[in-house]
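Under numbering that gives the first Met the number 0, think of the first position of the sequence shown as 0, with each following residue one higher. Backbone N, C-alpha and C define an ideal beta-carbon position, used for all residues, glycine too. What you are looking at is a predicted structure, and each value in this text was computed from that prediction instead of being measured. A short worksheet on the structure shown next.
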Amino acid sequence: MQVICFEDEAFYEMLDRLYKRYKADNNINEEKWITGDMAMKRLGISSKTSLQKFRDEGRIRFVPVTPKNFLYDSDSINAYLDSKAQNTF
Numbered sequence: 000m001q002v003i004c005f006e007d008e009a010f011y012e013m014l015d016r017l018y019k020r021y022k023a024d025n026n027i028n029e030e031k032w033i034t035g036d037m038a039m040k041r042l043g044i045s046s047k048t049s050l051q052k053f054r055d056e057g058r059i060r061f062v063p064v065t066p067k068n069f070l071y072d073s074d075s076i077n078a079y080l081d082s083k084a085q086n087t088f
């Protein structure tokens, strides 16, 4: 049996490359749950109040992490955007 030794930095670099390759090979492009800032960017809004309105009206799914911190379902944001898309002429 062979034993291969890595320095810490090289080991974590290898893990990072493996994870990126796994995501690419399995068509995993994004995380399931995203932060409020990422959700606002994807929705094209700049106000946390607007994001709260999306939550309150049930337009997108979310999970409260703490009373003032939420994560948002990436799939529900994509579904909302798809529902608002207009067909070309």
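Taking the alpha-carbon positions, what's the residue i to residue j distance?
i      : j      : result
Asn-68 : Ile-33 : 11 Å
Gly-35 : Gln-85 : 26 Å
Glu-30 : Lys-22 : 10 Å
Ala-65 : Tyr-11 : A small fix is needed here, since residue 65 is Thr in this sequence, not Ala. Rounded to the nearest angstrom, the two C-alpha atoms are 30 Å apart.
Leu-42 : Met-0  : 53 Å
Pro-63 : Asn-25 : 29 Å
Arg-16 : Arg-60 : 31 Å
Lys-47 : Glu-6  : 43 Å
Figure out for me which residue from the options has the closest Cα to the Cα of residue i.
i      : options                : result
Lys-40 : Lys-19, Met-13, Tyr-71 : Tyr-71
Contiguous alpha helix (DSSP H) assignments of at least 4 residues, all confined to the region 6 to 56:
7 to 24, 35 to 42, 47 to 55
Quick check: the region 49 to 59 against the region 68 to 83, are there 3 or more CB pairs under 8 Å?
yes
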